[in-house]
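Novice:
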Amino acid sequence: LKMENDLRRALERDEFYLEYQPQVQLSTKELVGMEALLRWQHPKRGIVSPVEFIPVAEESGLIVPIGEWVLTTACRQNKEWQTAGYRPICVSVNLSMRQFLQPNLAGKIGEFLKRIGLDPCYVDLEITESMTLDKEKAFEQLKRLKELGVFISIDDFGTGYSSLHYLKNMPIDRLKIDRSFVSEVMEDSNNAAIVSTITSMAHHLKLKVTAEGVENEDQLQFLRQQRCHEAQGYFFSKPVRAQEFENIFLKSA
Ligand code: G
Ligand code: G
Ligand code: MN
Ligand code: NA
Numbered sequence: 130l131k132m133e134n135d136l137r138r139a140l141e142r143d144e145f146y147l148e149y150q151p152q153v154q155l156s157t158k159e160l161v162g163m164e165a166l167l168r169w170q171h172p173k174r175g176i177v178s179p180v181e182f183i184p185v186a187e188e189s190g191l192i193v194p195i196g197e198w199v200l201t202t203a204c205r206q207n208k209e210w211q212t213a214g215y216r217p218i219c220v221s222v223n224l225s226m227r228q229f230l231q232p233n234l235a236g237k238i239g240e241f242l243k244r245i246g247l248d249p250c251y252v253d254l255e256i257t258e259s260m261t262l263d264k265e266k267a268f269e270q271l272k273r274l275k276e277l278g279v280f281i282s283i284d285d286f287g288t289g290y291s292s293l294h295y296l297k298n299m300p301i302d303r304l305k306i307d308r309s310f311v312s313e314v315m316e317d318s319n320n321a322a323i324v325s326t327i328t329s330m331a332h333h334l335k336l337k338v339t340a341e342g343v344e345n346e347d348q349l350q351f352l353r354q355q356r357c358h359e360a361q362g363y364f365f366s367k368p369v370r371a372q373e374f375e376n377i378f379l380k381s382a
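Following my numbering, the numbering of the sequence shown begins with 130 at its first residue and continues without gaps.
#1: For ligand 3, I want to know if ILE313 counts as a neighbour, meaning its beta carbon is within less than 7 Å of at least one of the ligand's heavy atoms.
#2: On the DSSP letters alone, give me the boundaries of the beta strand (DSSP E) that LEU254 sits inside.
#3: If we ignore side chains and look at the alpha-carbon of each, how far apart do PHE378 and ARG216 end up?
#4: For a test of the three-state rule: what should DSSP assign to THR339, helix, strand or coil?
#5: Around the C-beta of SER156, are 16 or more other C-beta atoms found within 10 angstroms, so that it is buried, or is it exposed?
#6: Suppose you measure from the CA of MET260 to the CA of SER292; what does that come to, to the nearest Å?
#7: Any heavy atom of ligand 5 closer than 7 Å to the beta-carbon of ASN223?
#8: According to DSSP, is ILE238 part of a helix, a strand, or is it coil?
#9: How about GLU341 and ILE301: are their beta carbons less than 8 Å apart?
#10: Alpha carbon to alpha carbon, how far is GLU141 from ILE192?
#11: Can you give, in chain order, each stretch of the beta strand (DSSP E) that sits fully within the segment 163-241 and has at least 3 residues?
#12: Contact check, GLN154 vs GLU359 under 8 Å by CB: the rounded distance?
#13: If you follow the beta strand (DSSP E) that GLU148 is part of, which residue opens it and which one closes it?
#14: Return helix, strand or coil for ARG137, following the three-state DSSP convention.
#15: Below 8 Å between beta carbons: does that hold for SER221 and GLY278?
#16: Thinking C-alpha only, which one of LYS275, ASN298 and PHE241 is nearest LYS264?
#17: Report the residue from ILE183, LEU166 and GLN150 whose alpha carbon sits nearest the alpha carbon of LEU430.
#18: Residues in the same chain with beta-carbon distance under 6 Å from THR288, minus the five sequence neighbours each way, listed in chain order, please.
#19: Run the proximity test for GLU148: is its beta-carbon closer than 7 Å to any non-hydrogen atom belonging to ligand 3?
#20: Any contact of the segment 343-352 with the segment 166-185, i.e. 3+ C-beta pairs under 8 Å?
#21: Smallest Cα separation from ASP284: which of PRO368, PRO172 and SER225?
#22: Go to LEU262, then tell me how far its alpha helix (DSSP H) extends in each direction, as first and last residue.
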């Protein structure tokens, strides 16, 4: 309850901020995207991880205004960088279950993007497999988002509950291979088999595929051999604040 109250105040007191992690195209080594990751600078506890506070925010419903803040802040930042003249890239935003199931989500996002003048093709919404358990609801919601023109990714792919059924039926664009498979891909032949199979399946289904948690050159080499499209991970950079992202990645891109 303490944390819930703290979270309630955090929005008003501007204690949240975003970090951005680069996403790189493997064939060209070009910067193609960035994932926005929420951070909370608590006045007493210091930086609190989303792993700790997202479940509390989800439980209390506060995730809806917090998620809205994340989405609008990330999109405004992306637009700002495009206006400044940097080559356009896509911004990925994590959606929580409650946010995803909001009745007028697509309408609200559409209006907002129009207002700030950001083309929806530069916005990627990350959902997890478990959010598609209610198949009909998920399908309707995804259809509306696709009609809007945003990109849809399945985050942490391979760790969820859903069957392959939804891959065939859901209007999605990309699989993000969970970092638990990528992290030991060179040591564990089962992980290598899983990464290779997901990548191959993505190609057959005409989905884009991104590897998460890439930490070294060997993993990168393996992913290139598998013709994985994009990668994200500490090998390129940990998530960094906007100013640092601009200095390190945009000014040189
Ligand atoms: O960046 P980090 O490893 O600390 O993130 C931990 C978890 O928090 C990840 O699973 C990530 O998806 C989640 N997360 C980060 N930012 C957001 C956000 O803005 N919204 C939601 N719903 N989850 C987020
Ligand atoms: O669940 P999601 O994929 O949204 O989580 C993203 C989180 O993964 C980020 O919070 C980030 O801190 C973390 N992350 C990103 N790259 C790496 C990596 O190379 N290694 C590890 N261990 N974590 C990473
Ligand atoms: Mn993610
Ligand atoms: Na993930």
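Cβ coordinates follow ideal geometry from the N, Cα and C atoms, glycine included. As the structure is a computational prediction, the values presented were derived from the model and not from experiment.
Specialist: Taking the definition as stated:
#1: By 1-based counting over the sequence shown, the position of residue 313 is 184. What sits at residue 313 in the sequence shown is Glu, not Ile. GLU313 Cβ: outside cutoff for every heavy atom of ligand 3.
#2: Your numbering for residue 254 matches position 125 in the sequence shown. LEU254: member of the beta strand (DSSP E) spanning 252-257, first to last residue.
#3: As a working mapping, residue 378 is identified with position 249 in the sequence shown. As a working mapping, residue 216 is identified with position 87 in the sequence shown. Each residue's alpha carbon lies about 11 Å from the other.
#4: Position 210 of the sequence shown, counting from 1, holds the residue named residue 339. In the structure shown, THR339 sits in a strand (DSSP, three-state: E or B).
#5: In the sequence shown, the residue the question calls residue 156 occupies position 27. By the 10 Å Cβ count, SER156 comes out exposed.
#6: The residue labelled residue 260 in the question sits at position 131 within the sequence shown. The residue labelled residue 292 in the question sits at position 163 within the sequence shown. The C-alpha of MET260 lies about 13 Å from the C-alpha of SER292.
#7: With respect to ligand 5, the structure shown offers nothing to examine, as its ligands consist of ligand 1, ligand 2, ligand 3 and ligand 4.
#8: For the purposes of this step, residue 238 is taken as residue 109 along the sequence shown, with counting starting at 1. Three-state DSSP puts ILE238 in a helix.
#9: By 1-based counting over the sequence shown, the position of residue 341 is 212. By 1-based counting over the sequence shown, the position of residue 301 is 172. Cβ atoms of GLU341 and ILE301: not closer than 8 Å.
#10: Here the question's residue 141 lines up with position 12 in the sequence shown. Here the question's residue 192 lines up with position 63 in the sequence shown. So the two alpha carbons sit approximately 14 Å from each other.
#11: 175-177 and 219-223
#12: For the purposes of this step, residue 154 is identified with residue 25 of the sequence shown, where counting begins at 1. For the purposes of this step, residue 359 is identified with residue 230 of the sequence shown, where counting begins at 1. Confirmed, Cβ separation roughly 5 Å.
#13: Locating residue 148 in the sequence shown gives position 19, counting from the first residue. It spans 145-154 - the beta strand (DSSP E) in which GLU148 sits, taken as one unbroken run.
#14: Working through the sequence shown from its first residue, we reach residue 137 at position 8. Here ARG137 sits in helix by DSSP.
#15: Here the question's residue 221 lines up with position 92 in the sequence shown. Here the question's residue 278 lines up with position 149 in the sequence shown. No, the pair does not count as a contact, with Cβ atoms beyond the cut-off.
#16: For the purposes of this step, residue 264 is taken as the residue at position 135 of the sequence shown. The shortest C-alpha separation from LYS264 is found at ASN298.
#17: Because the chain here runs from 130 to 382, residue 430 falls outside it and cannot be looked at.
#18: Stepping through the sequence shown from its first residue, residue 288 is reached at position 159. Excluding sequence neighbours, THR288 sits near ASP307.
#19: The sequence position of residue 148 within the sequence shown is 19, counting from 1. Not so, every heavy atom of ligand 3 lies at least 7 Å from the Cβ.
#20: Not touching, per the Cβ criterion.
#21: Here residue 284 refers to the residue found at position 155 of the sequence shown. Cα-wise, what sits closest to ASP284 is SER225.
#22: Taking the first residue of the sequence shown as 1, we reach residue 262 at position 133. First-last for LEU262: undefined, no H or E at that position.
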